[in-house]
Structures are given as structure tokens and as C-alpha cells.
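Novice: Residue numbers (my numbering), protein chains in the order written: chain D, 1 to 482; chain X, 1001 to 1482.
Protein chains: 2
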Amino acid sequence: MSDIDVTNTRSRVDTVQQCLEDIKVILENNQHIELDSRGRTTLTQVLSGESYQDQSLIKLQERLDSMHPADIAAMLEQLPLDERLIVWNFIPSDVDGDVLLEVSDAVRETLIADMNTQELVAATEQLDADEIADLAPNLPEEVIADVFSSLSEEERLQLKAALSYPEGTVGALMDFEMVTVREDVALDVVMRYLRRLERLPPNTDKLFVVDRREVLKGVLSVSDLIVAAPDAQVCDVMSSDIVTFNPDRDAESAAHAFERYDLVSAPVVDAHSRIVGRMTITDIVDYIREDAEQESLGKVGLRDEDLFSSVWKSAKNRWLWLAVNLGTAFFASRVIGLFEHSIEKLVALAALMPIVAAIAGNSGNQTVALIVRALAFEEINKSNAKGLLRKELSIALVNGVLWGSVAGTFAWLLYGNIALGFVMLGAMLLNLIVGAGVGMLVPLFLQKMGRDPAIGSSVLLTFSTDSMGFLIFLGLATVFLV
Amino acid sequence: MSDIDVTNTRSRVDTVQQCLEDIKVILENNQHIELDSRGRTTLTQVLSGESYQDQSLIKLQERLDSMHPADIAAMLEQLPLDERLIVWNFIPSDVDGDVLLEVSDAVRETLIADMNTQELVAATEQLDADEIADLAPNLPEEVIADVFSSLSEEERLQLKAALSYPEGTVGALMDFEMVTVREDVALDVVMRYLRRLERLPPNTDKLFVVDRREVLKGVLSVSDLIVAAPDAQVCDVMSSDIVTFNPDRDAESAAHAFERYDLVSAPVVDAHSRIVGRMTITDIVDYIREDAEQESLGKVGLRDEDLFSSVWKSAKNRWLWLAVNLGTAFFASRVIGLFEHSIEKLVALAALMPIVAAIAGNSGNQTVALIVRALAFEEINKSNAKGLLRKELSIALVNGVLWGSVAGTFAWLLYGNIALGFVMLGAMLLNLIVGAGVGMLVPLFLQKMGRDPAIGSSVLLTFSTDSMGFLIFLGLATVFLV
């Protein structure tokens, strides 16, 4: 084993777990650490009292001081609200801002609610303009005003720019930490210039080459800067085949470009090719993660929810979705209501009808998943959409005949009624075709309307396959059986 | 506007679209370009004939020559199989390997099936050992044998190593392109050494500092290398607080570490801290994307499916999921069958029962989505799991009373039967609690079994809420109403 401090990820995760256990022990041993409505006050009293001498408190403080802000954030997200606020007050104040950036929106709200204006302004002092812009939606107005007046003229312009782009655009994700150089200097001059900067911005894999008017002329990769002859000119070494982004572009397409072209950073330019900012892979990875999270929660009608928020707040977060689904379920119920007479005569219909609705819903959701993915990767265009619809309908036909026969045979054997079996087969076949058509067209329609097809498609699909499933099955049964 | 070739992403996407349109025109104008079972032969004949003179063919070839392999891959994925194979034969052979790496698994299979052994071996010649390992599962055995014998001793060992780690581990994702330096040399010596390399591997944001036995001592960031004094020693500038990975670790946790600590590259070390490879953000981004895709398809029981595969092949890809769901639907149908006597007496039950099942399913799926996300971010541990279960059950209680009352009132007003309304309320309340409990426990159970909780949870949940919904509602109705 080496004797250096190779902190691998396992030991970092262990540190978080260790910390969580420490906190538990401390809170158990110090039952008098209780929170009033504003955790800080009580804690300050505790700290000024005798328990401040408590070895375990000092140990916790030491551990927190050495932790990465992202690890602190992960730990805070795992703590119930009251414990979270106690620990939050132990966090060294110089990382407050970084921790706020790392935690989820819902947890951030709980932390900010616990801080006063002065603390919030102090927390933002360590942050760059683009990072302040990320926090801005959660900050009280007076804090933003205070922060704004404390910024330099340049930072103020950057903050204004970052705030002016709507969420989900390149402009809202970009930062302003770029190193620009001129094309008519030698590489060793660039090197001397960089040395004077003392540190390069994170993710600097390339320098941006601009002219006097900040118009982008090319990029100089750091790798080329190191490898090429020191007396070579920037313009001879730089690349002019560059991937650039416009700040108004949607972040989604920027993410695809970063994936496709394996980028670490890329310049953001305005319509006149003037450089206005920089996108980095770090922002892209965060965006991809948040986007995936929002989608998986959005599919079940949730906004970001703090795992430890109150029962009442969580319950309310789930209402809209339940109300919408209750509406669609009522509608399907009324479709069944139309055929109550038939069900009274042949009660087997009641037991069989959910099968018709469910299988078409499942099959249609397979179509939705494939189409949503293809839309995300821009694989569907005008020329192939019709062919794809034809293919999905053909698959529904094949699967309808096959699984409709299985279900029909089941119905026939169970109820000894062969006509019932054929009605089952026919209804399954027709409803699978409904599922395929709706599963294909709904995502395309939502995309066209500028909505995220991953989010609404499944509800609309299930609504259709339920209602149509009941209508087709009970309708056919009424015509042929009753 | 600047006069340099600033190729922004929009124009790259346009190139792909332009290419697709060119291909369409060419194929329409050359109806005799038809494919037999092996596209190449026919195409060769075409090219040697008069239509080779066709200006549009030459234009297409020029366009393809200038395209990025990732763009070519995207275009191939958008083409139906026959057109895809025609275009594939126009692709310059020196990017064949890169294109194969970029396309999806399903499309890769169709392209490889179109190539002979010689072409496949040639395609792998441009690739690194870790990239060959990525293609290996799709390559015929004789090709792998040929490729293996053409590699250098070092590359052979690397390929063996890469193939030895199961999919989804750090070892399967790592590459071998690392620059290592010793700690007792000056930075300007390191610089001279790098200059001799002519190019640095992609994503080189840090050099790995090792001793004679390849044991990792620290990392030297390229940024520090540039900025620090040239006569400083590596050991004085390097950082020894490093995030490292073990090749056996799961890629998922590596992805979290890259996100958390904003990494671009990181060393992979064995149990003795000896360096064995390198992880880069490029591999991580590809992994995240593929993982998200697999999950969204896996949720509806699909493996990767080529958008343009045959109807028959696609239909079969969907069977397992439909069979499983037909099984669960049959089971739920038999639960209803138990109460046919009650339904005959009170047919309103048939119309109302799907509401009870559906709302609990929707509510339970909200719980599943939150728990799956929390598991992915390691936010759930032994100490908070019980509290979370209590919270989810409480929310179900609140929502059950609320939405149960709405549904109960609806049933009462519609059928003029207040007892029916109370049965509806009771059944909704109980089934929402079932949904919350199952929605919480199933993902935890799947995770414990080493399965992906994102994939199986929803099916098991819906199975429970359907069957239990029918059982509870019809059971209560039988006891109190019939």
C-alpha cells in the first residue's frame, strides 16, 4: 500500500456515512439541542454553553471542515429537516455558497429559509456571476439587491446576462470564466500570460482566440499549446473548425453536441460571432442529470420533492396528478356505465374488460418509449414518420392476433362461450391498434406543441386505451353477445 | 460576420439533414441501385458502371468525407435498413471503426452483418484496445482472433484486461491512454517530455504521478503544470487528495463521483494503488446516456430496438413484457371473477372498480419514482428508511381521505346510494395505503436483490394495486351492500 492519502470514492462515501452516524450520536447525547422555529438561535445558545466542550461536537466540526461541498450537500439531503438545520449551522461559512449550489432545489429552499439576509449575501460572495444566477430564483429580493450592489461592474453585466436567458437555454447554463488570446502572438508568449493568471478556470481544455472586437477566430487546445513549438504563432496552431453555441439555443441540443463531439468546453457566441460565454462539460452533466430527474418525476406529475418535507406539503405536491387521473378514471367509468345493461346480462364482461384495457396500455407505452427516445435523438423526420407509423400499426396487428388469441382462448375455456372468445380477440386486436396509433402520434403532437413528449404522453395514452378498450369490448359484446 | 469557418452545431445538424435529402434524390434517380442480400456487391457494380459518373453521387461522397463520425452515425440511425446499407458502403473506410463505436447496438449489428472479416479487421485497426473491447460482443469470433493476433503485446494485455471486467463496471469503461510522470523531476522536464509525445490523449486534464512500481503518488493538473514555476518539482505541485476508482466498482457510482467532484479524468487503481487505467468524462457521459436509455426502455420491457428493424423482429422484442402483463391482468380478472355474484346484483360495482385500482396505481407510482431517485443518489439508509415509510403511509392516508371522499361523493350522486359512496371512500383509502407501502418496499427489495429498482418496480406495483383494489372494493361491497 502506498503511504499517501489516496482518497478513493468509497472512503469519501464512508465519510458521509460516518458523519451521519456522528450526528446521530451527538443529537442523542445532547437531547437539549432542540430547535425552535429558527434553529440558529438555539444552537448558538448550546454552543456558548457547556456542551460546546463536548468532544463529539468538536470532532464533527473537524470532519465537516475537511469535507468537499458536494459531500456536505449529499449528507444534508439525507437528513430530516430538524437535524439538517442543526448540521447546516456547523458548516464552515466559506463553503455555504458552494453547498447551496450543490443541493437539490427543494432542500435549498429549506436551507435558505434558515438564513438571514446577511448570511445569504456572505454566502454569495464566494460565487461567480453565473452561479449567483443559478441561486437567484430561490433568494429573497432584498438579498438579490444587496448582492447586486456588492458586485463589480463586469460581474453585474454578467449576472444580468445570465438572468436574461430562460431556463433550459445555453445562456442560462454558460459561465464567464474564459481565457482569450490573440492569433498573432507566439505560443511562449501565451504561456507567460497564462502563468501570470496563477490559476486557469476549471475545465480549461482550450483557449478562445479572438480579435480586437471579441470576434471568435478559432480555438487553441491546451494540449496543442503544450506540444507545439514554443515559437509557433497561435494562428498556425489553432483550429478553426469549432463547435459553437448560440446563447438562445436549447440546452438539450448543446448536451447532444457535447456527447457527440466529446467536448470538455465550447465557446458561446452571439449572432456576430462575438464571444459571450463558455459552456463546460460540468454544466452539461449537471443539466443531463437534472433533466433526467425532472422527467422521471414529471412522468408521475411531481415537481422536485424534498424527501423529508412535511406530510402535508408532500401530499399537496401530488394532488394535480391524482386529480387529472381521477378525471380520466371517471370518464372511463362512464364508458362502462353505458353498458351496464349488457354487464348485468353477461357478468363475465366485467371480469374480462380490464384485460383488454391493460394490454393495449402496456403495448402502447412500449411505442411511446421508443418514439420519445427517437425524438430525443432527432431520429424522426418528415420522410420516415409515415413508415414508422405503418410499422407500429403492423406490430400491433401481429401482437393483437397473437395475444388476442391467447386471451380469447382463456375467455372461451373459462366461460365455455366461444363467441365471447372471439369478441375478446377482436377487442384486443382493435385496442392494440388504438394503442400503437395513439402511442406514436401523441409524442409527435406534444413535441410539435413545444412540450416535453416524455412527460404527458403516458397519461394521454392510458386514457385512450382505457376508454377505447372498454368501449370496443363492451360495444362488440353488446352487438354480438347480448 | 467573421470570415472563418465557425461550424456551429446548427449547421452540423443541417449537414446531416442535407445528406439525408441527397441520398433520397440519388436513390430516386438511380432506381437500378437495388440491394440483394449483400448490399456491397450490387453497389460495387453500380459504381463501376456509368452511374458512377453521376454528379450527385460524387457530391454525396464529398459530403460524407468531410463529416464527423458521430454525425455519420446519427444519419445512419435515421435511415431504413436498405438505404442505410447503401450509404454505409460510401463511408470512407478509415472512419468505419469510429462510426461503429458511435451507433446504437441494434444499428451496429445491421452494419457488422453487412461487412466481411477483412473489412471488420481493417475497421478495428484505427481503434484503441478499450474501444475494440466495446465492439467485441458484436464481432464474429474469427474477426476477434484476427484482430487479437494483429495487436502489439501491450495492446493485447489491455484488450484482455478490458474484456475481463463485466459490463457496468469501471474496468469495462476505462481506457489506457494515460500520461504518467515521476515525482522527482522538474516541471520544465515534464514539459519537454510532453512535447515529444506530439499529441496528448483526449481529456488529459491531469498527469498521473507514479513511482517505479506504477504505484500512484498523486496527480499533476495540466493547469498547474502551465501556471507553476518551471523549475518546481512535480512532488511540490502535485495534489495527493485524489479521487480514484477500483476497476471492479460499478460504473454508476463512478458517474456520481464525476458529477459530484466535477472531474474530467481520474486514475483507476488496483488494490495495491498501482495504476491500471483511466476513466474520462467522455466515457461517463456515454454511460449516463446509455444507462438512461436502457432504463426508459427497460421500464416497458424492451431491449434496444433499431427503429427500422423488421416488423416481426420488433414484435418479438415486445412479447416478454406483454406476456408478463397478460399474466398479471388474468390474475386481476380472476379476483373480479370471485365477486361476479355481487356484480350481477349491483352492476355499478363494475363501473366503479377501475377507479379504485387506477388511482392507487398512480399514487403508488409517485412513491416509486421518489424512492427510485433517492436510491440512485444514495439518499436512503437504514436510519431514515422507517421514517420515510411512515411518511409515505401518512400521505396516502391524507390523499385517501381527500380523493376517496371526492370519488365516494361521485358514486353516491351518480347511483343515489350513500352506502356505495362510503364503500368507495373506504376502498380508495385502503388501496392508496397498499400503493404507498408497495411503492416504497418494492424498490428497496429490488435494490437489495441487486436488481435495478427503476425497471421492475412499476409492474409489481400495478399488479398489487389492481388486484388489491378489486379485492378490497368488491370485498367491502359484498360485505356491506349485497
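Note that the Cβ used here is the ideal one computed from N, Cα and C, for glycine as well.
Only a predicted model underlies this, so the values are computations on that prediction, with no experimental measurement involved.
Take A323(D) as the anchor and find which of Y1287(X), N1399(X) and A1255(X) has the nearest alpha-carbon.
Specialist: By one-based count along the first sequence, residue 323(D) stands at place 323. Nearest of Y1287(X), N1399(X) and A1255(X) to A323(D), Cα basis: N1399(X).
Novice: Can you give the beta carbon distance from V438(D) to G364(D), rounded, assuming they're within the 8 Å contact cut?
Specialist: Counted from its first residue, the first sequence places residue 438(D) at position 438. Counted from its first residue, the first sequence places residue 364(D) at position 364. Right, their Cβ atoms sit about 6 Å apart.
Novice: Please say whether E1379(X) and E77(D) have beta carbons closer to each other than 7 Å?
Specialist: As a working mapping, residue 77(D) is identified with position 77 in the first sequence. As a working mapping, residue 1379(X) is identified with position 379 in the second sequence. For E77(D) and E1379(X), yes; Cβs fall inside 7 Å.
Novice: Could you tell me the alpha carbon to alpha carbon distance between F470(D) and L1370(X), rounded to whole angstroms?
Specialist: Here the question's residue 470(D) lines up with position 470 in the first sequence. Here the question's residue 1370(X) lines up with position 370 in the second sequence. Near 32 Å, if we compare the C-alpha coordinates of L1370(X) and F470(D).
Novice: Quick one: is W1312(X) buried, meaning 16 or more other Cβ sit within 10 Å of its Cβ, or exposed?
Specialist: Position 312 of the second sequence holds residue 1312(X). Exposed, because fewer than 16 other Cβ atoms sit within 10 Å of the Cβ of W1312(X).
Novice: Go through its chain and collect everything with a Cβ distance to T117(D)'s Cβ below 8 Å, but skip five positions before and after it.
Specialist: Within the first sequence, the letter at position 117 stands for residue 117(D). Same-chain partners within the cutoff: P140, E142, V143 and D146.
Novice: Is there a Cβ from chain D that is less than 7 Å from the Cβ of V1084(X)?
Specialist: Indexing the second sequence from 1 puts residue 1084(X) at position 84. According to the sequence displayed, residue 1084(X) carries Arg and not Val. Not one chain D Cβ lies under 7 Å of R1084(X).
Novice: Less than 7 Å between C-beta atoms, sequence neighbours within five positions excluded: which residues of the same chain meet that for M279(D)?
Specialist: Numbered from its first residue, the first sequence carries residue 279(D) at position 279. Here the set comprises V170, L173, M174, F245, A254, S265, A266 and V268.
Novice: Please report how far the alpha carbon of K217(D) lies from the alpha carbon of I275(D), in whole angstroms.
Specialist: Residue mapping note: residue 217(D) aligns to position 217 of the first sequence, counting from 1. Residue mapping note: residue 275(D) aligns to position 275 of the first sequence, counting from 1. Inter-residue distance for K217(D) and I275(D) is about 10 Å (C-alpha atoms, whole angstroms).
Novice: Taking the alpha carbon of N325(D) as the reference point, which residue from E1305(X), N1362(X) and R1289(X) has its own alpha carbon closest?
Specialist: For this step, residue 325(D) is matched to residue 325 along the first sequence. When E1305(X), N1362(X) and R1289(X) are compared, the shortest CA-CA separation from N325(D) is found for N1362(X).
Novice: Use the C-beta contact count for K1024(X): other C-beta atoms within 10 angstroms, 16 or more gives buried, fewer gives exposed.
Specialist: For this step, residue 1024(X) is matched to residue 24 along the second sequence. Exposed is the call here.
Novice: Starting from K299(D), trace the beta strand (DSSP E) both ways and give me its first and last residue.
Specialist: To locate residue 299(D), count along the first sequence from 1; it is residue 299. Premise fails: K299(D) is in no beta strand (DSSP E) and is neither H nor E.
Novice: Could you say which of R260(D), A133(D) and E109(D) lies nearest to L1101(X) if we only look at CA atoms?
Specialist: As a position in the second sequence, residue 1101(X) is number 101, starting the count at 1. Comparing Cα positions, the closest option is R260(D).
Novice: Between L1302(X), E1153(X) and A1292(X), which lies nearest to A1106(X) when the distance is taken from Cα to Cα?
Specialist: Your numbering for residue 1106(X) matches position 106 in the second sequence. Comparing C-alpha distances from A1106(X) to each of L1302(X), E1153(X) and A1292(X) shows the shortest one belongs to L1302(X).
Novice: According to a CB-to-CB cut-off of less than 8 Å, which residues of the stretch 1266-1289 of chain X neighbour chain D?
Specialist: V1269, H1272, S1273, I1281, T1282, I1284, V1285, D1286, I1288 and R1289
Novice: Report the residues of the stretch 105-128 of chain D with a CB closer than 9 Å to any CB of chain X, ordered along the chain.
Specialist: none
Novice: Would you check if the stretch 1178-1185 of chain X and the stretch 1149-1163 of chain X touch, i.e. whether three or more CB-CB distances between them fall below 8 Å?
Specialist: Three or more beta-carbon pairs separated by less than 8 Å are not found between the stretch 1149-1163 of chain X and the stretch 1178-1185 of chain X, which leaves the two stretches without contact.
Novice: Looking at chain X, is there any beta carbon in it that lies within less than 7 Å of the beta carbon of D304(D)?
Specialist: By 1-based counting over the first sequence, the position of residue 304(D) is 304. Output row for D304(D): interface = no.
Novice: Please name the residue or residues paired with R274(D) in a DSSP beta bridge.
Specialist: As a working mapping, residue 274(D) is identified with position 274 in the first sequence. R274(D) pairs with V215(D).
Novice: By the DSSP assignment, the beta strand (DSSP E) with L1079(X) in it spans what residues?
Specialist: Mapped onto the second sequence, residue 1079(X) falls at position 79. According to the DSSP assignment, L1079(X) belongs to no beta strand (DSSP E), since it is labelled neither H nor E.
Novice: Which residues in the same chain have their Cβ closer than 7 Å to the Cβ of F90(D), if we skip the five residues on either side of it in sequence?
Specialist: Taking the first sequence and counting its residues from 1, one reaches residue 90(D) at position 90. These residues qualify, in order along the chain: L60, Q61 and L64.
Novice: Give the secondary structure of D36(D) by DSSP, where H, G and I count as helix, E and B as strand, and everything else as coil.
Specialist: For the purposes of this step, residue 36(D) is taken as residue 36 along the first sequence, with counting starting at 1. Note that D36(D) has pLDDT 43, beneath the 50 cutoff, so the model's placement of it is unreliable and the number below is only indicative. It is coil, neither helix nor strand.
Novice: Quick one: does G400(D) have its CB under 7 Å from some CB of chain X?
Specialist: Residue 400(D) sits at position 400 when you count from the first residue of the first sequence. No, its Cβ sits nowhere closer than 7 Å to a Cβ of chain X.
Novice: Check whether chain X comes within 7 Å of A369(D), counting only Cβ atoms and requiring the distance to be less than that.
Specialist: The sequence position of residue 369(D) within the first sequence is 369, counting from 1. Interface residue, yes.
Novice: Does I1086(X) pass the burial test, meaning 16 or more other C-beta atoms within 10 Å, or should it be called exposed?
Specialist: Mapped onto the second sequence, residue 1086(X) falls at position 86. Buried is the call here.
Novice: Helix, strand or coil: which one does DSSP assign to S1240(X)?
Specialist: Against the second sequence, residue 1240(X) aligns to sequence position 240. Coil.
Novice: In terms of residues, what are the limits of the alpha helix (DSSP H) holding R330(D)?
Specialist: Locating residue 330(D) in the first sequence gives position 330, counting from the first residue. For the record, residue 330(D) in the displayed sequence is Phe; it is not Arg. W319 to G337 is the span of the alpha helix (DSSP H), which, as asked, contains F330(D).
Novice: Tell me whether Q1366(X) is buried or exposed, calling it buried when 16 or more other Cβ atoms sit within 10 Å of its Cβ.
Specialist: The residue labelled residue 1366(X) in the question sits at position 366 within the second sequence. Answer is buried; the Cβ neighbour count reaches 16.
Novice: On the DSSP bridge list, what partners appear for T465(D)?
Specialist: Mapped onto the first sequence, residue 465(D) falls at position 465. According to DSSP, which records beta bridges pairwise, T465(D) is partnered with nothing at all.
Novice: Which one or two residues does DSSP pair with A1186(X) in a beta bridge?
Specialist: The sequence position of residue 1186(X) within the second sequence is 186, counting from 1. In DSSP, A1186(X) forms a bridge with Q1233(X).
Novice: Just to check my reading of the structure: F176(D) and V356(D) have Cβ atoms closer than 8 Å, yes? What is that Cβ distance to the nearest angstrom?
Specialist: Within the first sequence, residue 176(D) is the residue found at index 176, counting from 1. Within the first sequence, residue 356(D) is the residue found at index 356, counting from 1. Not confirmed; about 58 Å, so no contact.
Novice: Where does P1267(X) fall in DSSP's three states?
Specialist: As a first step, residue 1267(X) must be located in the second sequence, where it is residue number 267. In the structure shown, P1267(X) sits in a strand (DSSP, three-state: E or B).
Novice: I'd like to know whether the C-beta atoms of A1411(X) and L1481(X) end up nearer to each other than 7 Å.
Specialist: Counted from its first residue, the second sequence places residue 1411(X) at position 411. Counted from its first residue, the second sequence places residue 1481(X) at position 481. No, the pair does not count as a contact, with Cβ atoms beyond the cut-off.
Novice: Return the bridge partner residues of M1279(X) from the DSSP annotation.
Specialist: Here residue 1279(X) refers to the residue found at position 279 when the second sequence is read from its first residue. DSSP output for M1279(X) lists A1266(X) as bridge partner(s).
Novice: Comparing the C-beta of E77(D) with each C-beta of chain X, is any distance below 7 Å?
Specialist: Here the question's residue 77(D) lines up with position 77 in the first sequence. Chain X has a Cβ within less than 7 Å of the Cβ of E77(D).
Novice: So N325(D) contacts chain X; which residues on that side make the cut at Cβ distance below 8 Å?
Specialist: One-based indexing of the first sequence puts residue 325(D) at position 325. Those within 8 Å of N325(D) in chain X are A1358, I1359 and N1362.
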